[in-house]
Amino acid sequence: MRRLIPLLAVFAGLIVTQPLSAQRVNGVVADSATGAPVGTGFIVLLDEGGNEVARGLSSQSGRFTLEAPRAGRYRLRSERIGYTPTFSPFFTLGRQETVERTLSVTALPVRLETIEVEAEQQCRTRPQEGISTAAVWEEARKALAAASWTAAQQTYRYTSNSYERDLDEGRRDVLNEQSQTITGYAKAPFRSRDPELLYDEGYIVRSGDGTLYYAPDANVMLHDSFLDTHCFVVERATGSRPGMIGLAFEPTRGRHVPDIQGVLWIEERSSELQSLEFTYTNQPYDLRDNRIGGTVEFMQVPSGAWIVHRWQIRMPTVNVIPATRDAFGARYRQFRMQGFRDSGSEIMQITTVNGATVYAAELATLAGVVIDSTLVVPRPLASALVRVAGTEYASNTDGSGRFQLAAPLSGQYTVTFSHLRMDSLGLIAPERRVTLAPGRRETVMLVAPPVADILAARCPDTPVASNRRVLLGVVQDAETRAPVSGAQVFASWQRIAESAGVVTGAVEFETNAVANSAGIYTLCGLPVNWVVNVHAEHQNMTSGRAKLIFEGNNVAISWDDGSLARDYYAPFWVWKLDLLVRREK
Numbered sequence: 022m023r024r025l026i027p028l029l030a031v032f033a034g035l036i037v038t039q040p041l042s043a044q045r046v047n048g049v050v051a052d053s054a055t056g057a058p059v060g061t062g063f064i065v066l067l068d069e070g071g072n073e074v075a076r077g078l079s080s081q082s083g084r085f086t087l088e089a090p091r092a093g094r095y096r097l098r099s100e101r102i103g104y105t106p107t108f109s110p111f112f113t114l115g116r117q118e119t120v121e122r123t124l125s126v127t128a129l130p131v132r133l134e135t136i137e138v139e140a141e142q143q144c145r146t147r148p149q150e151g152i153s154t155a156a157v158w159e160e161a162r163k164a165l166a167a168a169s170w171t172a173a174q175q176t177y178r179y180t181s182n183s184y185e186r187d188l189d190e191g192r193r194d195v196l197n198e199q200s201q202t203i204t205g206y207a208k209a210p211f212r213s214r215d216p217e218l219l220y221d222e223g224y225i226v227r228s229g230d231g232t233l234y235y236a237p238d239a240n241v242m243l244h245d246s247f248l249d250t251h252c253f254v255v256e257r258a259t260g261s262r263p264g265m266i267g268l269a270f271e272p273t274r275g276r277h278v279p280d281i282q283g284v285l286w287i288e289e290r291s292s293e294l295q296s297l298e299f300t301y302t303n304q305p306y307d308l309r310d311n312r313i314g315g316t317v318e319f320m321q322v323p324s325g326a327w328i329v330h331r332w333q334i335r336m337p338t339v340n341v342i343p344a345t346r347d348a349f350g351a352r353y354r355q356f357r358m359q360g361f362r363d364s365g366s367e368i369m370q371i372t373t374v375n376g377a378t379v380y381a382a383e384l385a386t387l388a389g390v391v392i393d394s395t396l397v398v399p400r401p402l403a404s405a406l407v408r409v410a411g412t413e414y415a416s417n418t419d420g421s422g423r424f425q426l427a428a429p430l431s432g433q434y435t436v437t438f439s440h441l442r443m444d445s446l447g448l449i450a451p452e453r454r455v456t457l458a459p460g461r462r463e464t465v466m467l468v469a470p471p472v473a474d475i476l477a478a479r480c481p482d483t484p485v486a487s488n489r490r491v492l493l494g495v496v497q498d499a500e501t502r503a504p505v506s507g508a509q510v511f512a513s514w515q516r517i518a519e520s521a522g523v524v525t526g527a528v529e530f531e532t533n534a535v536a537n538s539a540g541i542y543t544l545c546g547l548p549v550n551w552v553v554n555v556h557a558e559h560q561n562m563t564s565g566r567a568k569l570i571f572e573g574n575n576v577a578i579s580w581d582d583g584s585l586a587r588d589y590y591a592p593f594w595v596w597k598l599d600l601l602v603r604r605e606k
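In this note's numbering, the protein residues as written are 22 to 606.
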């Protein structure tokens, strides 16, 4: 499945450039009781019809500057989240005129926790027209409008991490993850479709090479087409969301295109918008899974501006079952969901133009130690590479075998490690499952199992002894270097037969092994001090023939074409030999 790749991270801002011919309103926001300047907050310029024509953020000293599009009559409105709005009287602004105004505000906090949520509520369009929905919508609208305005500004420098993450059908295990870090100035964490196109075609659009999934941004949520086609109702959170009140929405009846339903979650005491959670309706492929959806999380930065600091879209990966005929002879295809692909981004750091950090996200931390048990006395394994499988994140162990890595990961991952010593023995390192989350530290111990245990498992019928050796390796395609599953590896040798000191002939011995799905083979019980011939075969492919002579802890290897002749040392009577198979001419 493919989806629209949103424009990655971030909102910003404060600075608005002013054309020389603009009509401006300069002013200050002051407390009506004390006359003292009020800190940061949004100031809105309204025309005579009550339409918003300009918006700005006051400074810590309460100062603001707004630009009007034309001459006319206007008034100001303060829009501080958590407080009731305050309006100024109307005033006239002439062409190219600059006026000074003081907006006196009264601190009357909104009390969302006092709203009565009835068991049976009417879901209504235009939430501002209901009693309970109006109060909750007003606080959500302030944050959405602030985020929309902030998206057009460029003041802060942002570092964001965008990712695509594949998960299994149960959304438990992360199978693969690709990420990219972006640093710089950008206008929005993602850009949704035009609201009118979403109205006409919906939030899931089939295309020639896949399916596009769209998330709503602030502009979409505020647009008339969204408000007219969705009804709203207030709900109070329970369980994992204490102290939250939600404005739930769903498509109105008669909407047949793929749409969204969800909840805007607001903190009751502060009236701050926390997140938007949504799922898709009328999904294609006849899917009905509420895990298919997305999350958009909001945050206020120190300047008072609002940003989206984390977002995610959860899309299905679908397996298409070949077309069959039903009882009436009609052909149809079936679709089965086989997993998920999450696409998202998170702001990791926000800095000022001077380099001062104003926000830093928490990372998931993985730490631990790697122990080498292949030795007679187990000890920490230095210089091992510990990897989070399916991702780019890895860390090397220090001299004491310890490691630590911090990364923007969230979910259940597989951790493994590699080391030259392990590779030389042909050993596959054990894996550990860990659950990682931002701000959480997970500790693991990774242990390389004893060689004796591994050999006992691989050669259960041929115990390793002083006169027996083990050969293992990987069979690969010589052209693609891909492992060759099912390849047969043969080893043969001759032993001279004697009777009463007289040579009576030679006895031929042979053993073989079959490579597993990873192309790995194991030959057990190879003799010491005899020439052993080894080669691999698979269908119409074969490898070169190697001659090996095991002597003590060494083996001499040469190839029939004379391309390589080397001696190898191994302390555990285990050697690794990779074989390349080529198509026979």
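C-beta: ideal position from N, C-alpha, C; glycine also.
- Within the same chain, Pro216, Glu217, Tyr220 come within 7 Å of Ser246 by CB-CB distance, once the 5 residues on both sides are set aside.
- Membership of Arg162 in the alpha helix (DSSP H) is indicated by the continuous run 152-172.
- Taking a cut-off of 8 Å for Cβ pairs, the region 173-188 and the region 369-379 touch, as three or more such pairs fall below it.
- DSSP places Thr232 outside any alpha helix (DSSP H); the residue lies instead in the beta strand (DSSP E), whose first and last residues are 231-234.
- The C-beta distance from Ala156 to Val126 rounds to 19 Å, too long to meet the 8 Å contact threshold.
- Counting the other CB atoms within 10 Å of its CB gives His277 a total below 16, which places it among the exposed residues.
- At the C-beta level, Phe356 and Ala405 stay beyond 8 Å of one another.
- Sequence-distant Cβ neighbours of Asn561 in its own chain, meaning closer than 7 Å and more than five residues away, are Arg604, Glu605.
- The alpha-carbon of Gly275 is positioned some 44 Å away from that of Leu384.
- Bridge pairing for Phe111: absent [DSSP].
- Checking the DSSP bridge columns, you'll see Gly432 partnered with Leu457.
- In this structure, DSSP gives Gln149 a helical state, which the three-state scheme calls helix.
- Within the DSSP secondary-structure output, Phe571 pairs in a beta bridge with Val576.
- Residue pairing by DSSP places Trp551 in no beta bridge whatsoever.
- The shortest C-alpha to C-alpha distance from Gly422 to any of Ala382, Met466, Leu457 is the one to Met466.
- Three or more Cβ pairs closer than 8 Å define a contact, and the region 567-583 meets that threshold against the region 545-553.
- Closest in C-alpha terms to Val254, from the list Pro263, Asn240, Trp286, Arg262, comes Trp286.
- Annotation for Val339: Met22, Tyr306, Leu308, Phe356, Arg357, Met358, Gln359 place their beta carbon closer than 8 Å to its own, counting only its chain and skipping 5 residues before and after.
- Counting C-beta pairs closer than 8 Å gives three or more between the region 81-100 and the region 53-62, which meets the contact rule.
- Note that the C-beta distance between Leu124 and Gly325 is not below 8 Å.
- Where Leu492 is concerned, there is no enclosing alpha helix (DSSP H), although the beta strand (DSSP E) around it starts and stops at 489-498.
- Put simply, the backbone Cα of Pro90 is about 39 Å away from that of Thr300.
- Under the DSSP definition of a beta bridge, Ser79 lacks any partner.
- Cβ atoms of Leu426 and Leu402 stay farther apart than 8 Å, at about 16 Å.
- Here DSSP, grouped into helix, strand and coil, assigns Ser53 to coil.
- Between Ala128 and Asp52, the CB-CB gap stays under 8 Å.
- Residue pairing from DSSP places Met265 in a beta bridge opposite Glu288.
- Assignment of Asp189 by DSSP, reduced to helix, strand and coil, places it in the strand class.
- Setting aside the 5 residues that flank it on each side, Pro272 is surrounded in the same chain by Thr250, His251, Asp280, Gln282, Thr302, each with a C-beta closer than 7 Å to its C-beta; the list follows chain order.
- Listed as beta-bridge partners of Cys252 by DSSP are Glu271.
- With respect to Ala236, Gly315 sits close: the two C-beta atoms are nearer than 8 Å.
- Beta-bridge annotation (DSSP): Gln143 is not paired with any residue.
- The shortest C-alpha to C-alpha distance from Arg76 to any of Ala164, Arg116, Gly115 is the one to Ala164.
- The C-beta distance from Asn47 to Glu121 rounds to 5 Å, short enough to meet the 8 Å contact threshold.
- DSSP lists Thr386 as the bridge partner or partners of Arg462.
- Non-local beta-carbon contacts of Glu185 in its own chain, meaning distances under 6 Å to residues more than five positions away in sequence, involve Gln199, Ser364 in chain order.
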